[in-house]
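Asks: So that we are looking at the same thing, I have put the structure below in structure tokens.
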Amino acid sequence: MNKVIRIGTRGSKLALWQAEHVASLIKPSGYQTEIVPIETRGDKILNVSIAKIGSKGVFTEEIEAKLLDGSIDIAVHSAKDLASEIPDELELVAFTERELANDVIVSHKKNINLATDTLRIGTSATRRVAFLKHFYPHQEALTIRGNLQTRFAKLEAGDYDALLLAYAGVHRMGFDHLIVEKIETSYFVPAVGQGSIAVECHKKLPFDKKDIIERWVNHPETEDCIRAERSFLKTLQGGCSIPAFGYAHHEGGAITLKGGIISLDGQRIIKAKHSASPADVKALGERVANEVLINGGATLLSEIKNLVA
Numbered sequence: 400m401n402k403v404i405r406i407g408t409r410g411s412k413l414a415l416w417q418a419e420h421v422a423s424l425i426k427p428s429g430y431q432t433e434i435v436p437i438e439t440r441g442d443k444i445l446n447v448s449i450a451k452i453g454s455k456g457v458f459t460e461e462i463e464a465k466l467l468d469g470s471i472d473i474a475v476h477s478a479k480d481l482a483s484e485i486p487d488e489l490e491l492v493a494f495t496e497r498e499l500a501n502d503v504i505v506s507h508k509k510n511i512n513l514a515t516d517t518l519r520i521g522t523s524a525t526r527r528v529a530f531l532k533h534f535y536p537h538q539e540a541l542t543i544r545g546n547l548q549t550r551f552a553k554l555e556a557g558d559y560d561a562l563l564l565a566y567a568g569v570h571r572m573g574f575d576h577l578i579v580e581k582i583e584t585s586y587f588v589p590a591v592g593q594g595s596i597a598v599e600c601h602k603k604l605p606f607d608k609k610d611i612i613e614r615w616v617n618h619p620e621t622e623d624c625i626r627a628e629r630s631f632l633k634t635l636q637g638g639c640s641i642p643a644f645g646y647a648h649h650e651g652g653a654i655t656l657k658g659g660i661i662s663l664d665g666q667r668i669i670k671a672k673h674s675a676s677p678a679d680v681k682a683l684g685e686r687v688a689n690e691v692l693i694n695g696g697a698t699l700l701s702e703i704k705n706l707v708a
């Protein structure tokens, strides 16, 4: 029996941390692991925004190609980087226990107040830019690309007063001491999948390996939530260029999902919130998305796609 699981991943320090984390979860099973770094389109093109590179598979396409040709057994992704639809031959088999899903402000300036100060804030996500424009219109949102270490170097150099990032990445890379504000998910709703690591494989991956991943890596409560969020995003037909948001959590035996879309200028937010049993997460995501679409989301989605095309 081949007791080695080959793990494909992006080559950034954070991506490698995530791959090593998955490898550490697999280790007690008796299987060995081999980490295979793969450069993606999103890693190569750093001079334009993610939205302008393309809306699907910016950080996953090349890795998925290696799954399809059998070069690797599994792929490890930040769950928030996954397109709403993956190739038919592939499947998602595990989601690691979710880190805090919040966005955070990081800065060398210790007494920052988003409500009163005016700052040059570096970020790359259309959702974060739109939320900044809505809740903090006096702030200056500036595009920033590159891995976390590159972004922190630009912050250190004074190119930005602060960065707006996902807590999970900041925490995993040991930059907690620079967090000056953790923004509440109640209004600054995270991206679908934010905070969890997703494991993808070929549907024809040998059963023994697939079983190991599902048993040792997957966190069922997190999986329920992210399946609901991904069902929402798939129904909405949103991509990386669309400022959509979706966050589910367990609440009294049920799963509650809040999802929506915000205009690029931050002026309009259309959202919905519903709950369902963990057995009905797919229907829950579809219900939230369809309510958003019916209440003006379809028109807003069309406007946004025309603007970013």
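All residue numbers for the sequence shown refer to the numbering used here, where the first residue is 400 and numbers rise by one. We put the CB at the ideal spot given by N, CA and C, even for glycine.
1) Within its chain, find whatever has a CB closer than 6 Å to the CB of Phe631; leave out the 5 residues flanking it on each side and keep chain order.
2) Taking all protein chains shown into account, decide if Thr515 is buried (16 or more other Cβ within 10 angstroms of its Cβ) or exposed.
3) Return the first residue and the last residue of the alpha helix (DSSP H) that Gln593 is part of.
4) How is the alpha helix (DSSP H) around Glu490 delimited, first residue to last?
5) Examine the Cβ distances between the region 618–626 and the region 512–526 and report whether three or more of them are shorter than 8 Å.
6) Taking the alpha-carbon of His576 as reference, which of Ile504, Gln538 and Ile612 has the nearest alpha-carbon?
7) Between Ser523 and chain D, is any beta-carbon pair separated by less than 8 Å?
8) By Cβ distance, which residues of its chain are closer than 8 Å to Asn705, with the 5 residues on each side in sequence left out?
9) Exposed or buried, what is Ala450 when buried is set at 16 or more other beta-carbons lying within 10 Å of its beta-carbon?
10) Roughly how many angstroms separate the alpha carbons of Lys402 and Pro677, rounded to a whole number?
11) Round the Cβ separation of Ile520 and Ala561 to the nearest angstrom and send it over; I've been treating them as touching at under 8 Å.
12) Return helix, strand or coil for Lys451, following the three-state DSSP convention.
13) Would you say Ala478 and Gly592 are within 8 Å of each other, going by their C-beta atoms?
14) Would you tell me roughly how many angstroms separate the C-alpha atoms of Thr584 and Leu491, rounded to the nearest one?
15) Comparing C-alpha positions only, which one of Thr517, Ile511 and Ala653 sits nearest to His537?
16) Taking the C-alpha atoms as reference points, what is the distance between Ser506 and Glu539?
Replies: Short version:
1) Sequence index remark: in the sequence shown, residue 631 carries index 232 (1-based). Answer for Phe631: Gly645, Gly658, Gly684, Val687 and Ala688, listed in chain order.
2) On the sequence shown, residue 515 is found 116 positions in, with the first residue counted as 1. So Thr515 counts as exposed.
3) Here residue 593 refers to the residue found at position 194 when the sequence shown is read from its first residue. Where Gln593 is concerned, there is no enclosing alpha helix (DSSP H), given that its DSSP letter is neither H nor E.
4) Position 91 of the sequence shown holds residue 490. Glu490 -> not in any alpha helix (DSSP H); beta strand (DSSP E) instead, spanning Leu489 to Phe494.
5) no
6) For the purposes of this step, residue 576 is taken as the residue at position 177 of the sequence shown. For the residues Ile504, Gln538 and Ile612, the minimum Cα distance to His576 belongs to Ile504.
7) Given the protein chain composition of this structure (a single chain), no chain D is represented.
8) On the sequence shown, position 306 is the one that residue 705 refers to. Nothing listed; no residue qualifies.
9) What you label residue 450 is simply residue 51 of the sequence shown in a count that begins at 1. Low confidence applies here, because Ala450 scores a pLDDT of 49, under 50, leaving its location unreliable; read the following figure in that light. Burial call: buried.
10) Locating residue 402 in the sequence shown gives position 3, where the first residue counts as 1. Locating residue 677 in the sequence shown gives position 278, where the first residue counts as 1. Their backbone Cα atoms lie some 33 Å apart in a straight line.
11) In the sequence shown, counting from the first residue as 1, residue 520 sits at position 121. In the sequence shown, counting from the first residue as 1, residue 561 sits at position 162. Rounded, the Cβ-Cβ distance is 5 Å, consistent with contact.
12) Taking the first residue of the sequence shown as 1, we reach residue 451 at position 52. Bear in mind that the predicted position of Lys451 carries a pLDDT of just 48, short of 50, making it unreliable; the figure below should be weighed with that in mind. DSSP places Lys451 in helix when its eight states are reduced to three.
13) Along the sequence shown, one-based indexing puts residue 478 at 79. Along the sequence shown, one-based indexing puts residue 592 at 193. In this structure, Gly592 lies closer than 8 Å to Ala478 by Cβ.
14) Against the sequence shown, residue 584 aligns to sequence position 185. Against the sequence shown, residue 491 aligns to sequence position 92. Their backbone Cα atoms lie some 25 Å apart in a straight line.
15) Within the sequence shown, numbered from 1, the residue matching residue 537 stands at position 138. That would be Thr517, whose Cα lies nearest to the Cα of His537.
16) The count along the sequence shown starts at 1 and reaches residue 506 at position 107. The count along the sequence shown starts at 1 and reaches residue 539 at position 140. Cα-Cα distance, rounded: 15 Å.
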